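K.L.:
Before we start, here is the structure in question, set down as structure tokens.
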Amino acid sequence: MINKVPLLQIKNLKKYYRVTSGLIPRPLGEIKAVDGVSLDIIEGEVLGLVGESGCGKSTLGKAILRLEEPTGGQISFQGTDVLSLNKRDLRTLRGKIQIVFQDPDSSLDPRMPVGDSIGEALIVHGVSGAGERGRRVARLMEKVGLEAGFAERYPHEFSGGQRQRIGIARALAMDPRLIIADEPVSALDVSVQAQVLNLMMDIKDEDGLSYMFVSHDLAVVKYIADRVAVMYLGQIVELADKEELFRDPLHPYTEALLSAVAGLRRGGGSRILLTGDMPSPLKPPAGCRFHTRCHRVMEICRAAEPAFREVVPGHYAACHLYP
Ligand code: ADP
Ligand code: MG
27 MINKVPLLQI
37 KNLKKYYRVT
47 SGLIPRPLGE
57 IKAVDGVSLD
67 IIEGEVLGLV
77 GESGCGKSTL
87 GKAILRLEEP
97 TGGQISFQGT
107 DVLSLNKRDL
117 RTLRGKIQIV
127 FQDPDSSLDP
137 RMPVGDSIGE
147 ALIVHGVSGA
157 GERGRRVARL
167 MEKVGLEAGF
177 AERYPHEFSG
187 GQRQRIGIAR
197 ALAMDPRLII
207 ADEPVSALDV
217 SVQAQVLNLM
227 MDIKDEDGLS
237 YMFVSHDLAV
247 VKYIADRVAV
257 MYLGQIVELA
267 DKEELFRDPL
277 HPYTEALLSA
287 VAGLRRGGGS
297 RILLTGDMPS
307 PLKPPAGCRF
317 HTRCHRVMEI
327 CRAAEPAFRE
337 VVPGHYAACH
347 LYP
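Now the structure itself:
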């Protein structure tokens, strides 16, 4: 079903934020929000990206589209070097890659009928005739499970789940190839989450899309992803096919994340407690960044950073347990 052509290739991507302090600003250092991420997204797949809040998931999503300008690294989309695009070509790219955010209101103007919000994207896409635009808006609304007649209504007249459907319709108006979905159901009632996830899966199959699906919720990722990448303090620490990752996690961080969800705990094992908070990305720990919280920490972990390597075919981890 999935052919193995990388749609998006990310190499050693970095996004650092300079931070300053004081009235006369003095440099404090750099927040390494994304610190050397390499990832591919294969045509037709759903790549799940998980990790605790603050680990850099949103920054990674935005850096791919240069909504946050990367500090370093390479991004290639359909063979095009994203970081060397001029303004015009970047605009074209931002049609092909769409972001759907957790809060649909961030992309909907409260004073604009939702049909116009969706239609706006069509204008950007070069659909200038009002009649054709109206027909397309109607089709998009139906595609996301809303009555076309609701196009005249304003965002506040819809529920959260419906607003997220409108946000998805707006993204689809650009006829994208890749959707970066950043916690798209995290703000929704649990009862509505599955409906929106199912909608996203149906659309993916109909339109042959690929997703980077960002979530801190492992149950959601387990439901929707083909492969899963686990992120910790700005880096990918494990990557594998979903079944393999949930059955046989290699990285102690993944193990701890899974064990925190009762339904995902393996073999009746006991819960592994993640002690302490995630360290500051301003001063990541030396050696392995996870060593301060790791239940399998060894001497070498404090001294040397583990390489991200293929431990078994298709299953990557950055951990000294697998030298
Ligand atoms: P996640 O989406 O995984 O919760 P984010 O990508 O939002 O994480 O944030 C990663 C880190 O980068 C956090 O420490 C956050 O505080 C920091 N960060 C994000 N955006 C900015 C910014 N504009 N300026 C400074 N720091 C930022
Ligand atoms: Mg986020």
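In our numbering, the protein residues as written are 27 to 349.
Think of the CB as a built atom: it goes at the ideal place given N, C-alpha and C, for glycine as much as any other residue.
Small disclaimer: the values here were computed from a predicted structure and weren't measured.
(1) Nearest to Met226 by alpha carbon, out of Val216, Ile206, Leu244 and His242?
(2) Assess contact between the segment 85-100 and the segment 108-128, defined as three or more Cβ pairs (one per stretch) separated by less than 8 Å. Is contact present?
(3) Hey, quick one: how far does the beta strand (DSSP E) through Leu73 stretch, first residue to last?
(4) Counting pairs of Cβ atoms below 8 Å between the segment 39-58 and the segment 206-219, do you hit three or more?
(5) Scan the segment 167-203 and note each continuous alpha helix (DSSP H) run of 4 residues or more that stays entirely inside, going in chain order.
(6) Just verifying my parser: in three-state terms, what is the DSSP assignment at Phe272?
(7) If you check the beta carbons only, do Val108 and Ala197 fall under 9 Å apart?
(8) Would you tell me roughly how many angstroms separate the C-alpha atoms of Ala330 and Cys314, rounded to the nearest one?
(9) So does Ser79 have its beta carbon nearer than 8 Å to some heavy atom of the ligand ADP?
(10) Determine contact between the segment 133-149 and the segment 176-195, defined as no fewer than three beta-carbon pairs at a distance below 8 Å.
(11) Taking only three categories from DSSP, how would you classify Pro278?
(12) On the criterion of 16 or more Cβ atoms from any shown chain inside 10 Å, does Pro51 qualify as buried, or is it exposed?
(13) Is the segment 231-243 touching the segment 265-272, taking contact as three or more C-beta pairs under 8 Å?
(14) Taking C-alpha atoms, which residue in Arg44, Leu33 and Leu34 lies nearest to Pro307?
(15) Over the uninterrupted alpha helix (DSSP H) stretch that includes Ser79, give me the two end residues.
(16) Under a Cβ-count criterion, where at least 16 other Cβ atoms within 10 Å of its own Cβ denotes burial, should Val256 be classed as buried or exposed?
(17) If you drop the 5 nearest sequence neighbours on each side, which residues of the same chain put their C-beta closer than 7 Å to that of Leu166?
(18) Identify whether Val240 lies in helix, strand or coil by the three-state DSSP scheme.
(19) What whole-angstrom Cβ distance do Leu204 and Leu33 have, given they're in contact under 8 Å?
(20) DSSP three-state call for Tyr42: helix, strand or coil?
(21) Give me the Cβ distance between Cys81 and Met304, rounded to the nearest whole Å; I'm assuming they're in contact under 8 Å.
(22) Roughly how many whole angstroms lie between the Cα atoms of Arg354 and Phe334?
(23) Given 8 Å as the limit, tell me if Ile206 has its C-beta closer than that to any heavy atom belonging to the ligand ADP.
P.N.:
Taking the definition as stated:
(1) Within the sequence shown, residue 226 is the residue found at index 200, counting from 1. Closest option to Met226, Cα to Cα, is Ile206.
(2) yes
(3) The residue you call residue 73 lines up with position 47 of the sequence shown. Where Leu73 is concerned, the enclosing beta strand (DSSP E) stretches over Val72 to Val76.
(4) no
(5) 186-198
(6) Position 246 of the sequence shown, counted from the first residue, corresponds to residue 272. Phe272: helix per DSSP, three-state reduction.
(7) Translated into the one-based positions of the sequence shown, residue 108 becomes position 82. Translated into the one-based positions of the sequence shown, residue 197 becomes position 171. Result no, Cβ atoms of Val108 and Ala197 do not sit closer than 9 Å.
(8) What you label residue 330 is simply residue 304 of the sequence shown in a count that begins at 1. What you label residue 314 is simply residue 288 of the sequence shown in a count that begins at 1. So the two alpha carbons sit approximately 6 Å from each other.
(9) Your numbering for residue 79 matches position 53 in the sequence shown. At least one heavy atom of the ligand ADP is nearer than 8 Å to the Cβ of Ser79, so yes.
(10) yes
(11) For the purposes of this step, residue 278 is taken as the residue at position 252 of the sequence shown. If DSSP states are grouped into helix, strand and coil, Pro278 belongs with the helices.
(12) Residue 51 sits at position 25 when you count from the first residue of the sequence shown. With fewer than 16 other Cβ atoms within 10 Å, it is exposed.
(13) Segments in contact, no.
(14) Position 281 of the sequence shown, counting from 1, holds the residue named residue 307. For Pro307, the nearest C-alpha among the options comes from Arg44.
(15) On the sequence shown, residue 79 is found 53 positions in, with the first residue counted as 1. Segment: none, Ser79 is in no alpha helix (DSSP H) and carries neither H nor E.
(16) Start at 1 with the first residue of the sequence shown, and residue 256 comes out as number 230. Buried is the call here.
(17) Taking the first residue of the sequence shown as position 1, residue 166 is located at position 140. Cβ neighbours of Leu166 beyond the five flanking positions: Ile144, Ala195, Leu198 and Ala199.
(18) Locating residue 240 in the sequence shown gives position 214, counting from the first residue. Of the three classes helix, strand and coil, the one that applies to Val240 here is strand, per DSSP.
(19) Translated into the one-based positions of the sequence shown, residue 204 becomes position 178. Translated into the one-based positions of the sequence shown, residue 33 becomes position 7. Contact between Leu204 and Leu33 is confirmed by a C-beta separation of about 6 Å, below the 8 Å threshold.
(20) Position 16 of the sequence shown, counted from the first residue, corresponds to residue 42. Correct three-state label for Tyr42: strand.
(21) Here residue 81 refers to the residue found at position 55 when the sequence shown is read from its first residue. Here residue 304 refers to the residue found at position 278 when the sequence shown is read from its first residue. With a Cβ gap of about 7 Å, Cys81 and Met304 count as contacting.
(22) Summary: the structure shown does not reach residue 354, with the chain confined to residues 27 through 349, and so no result is reported for it.
(23) If you number the sequence shown from 1, residue 206 lands on position 180. False, no ligand heavy atom lies under 8 Å from that Cβ.
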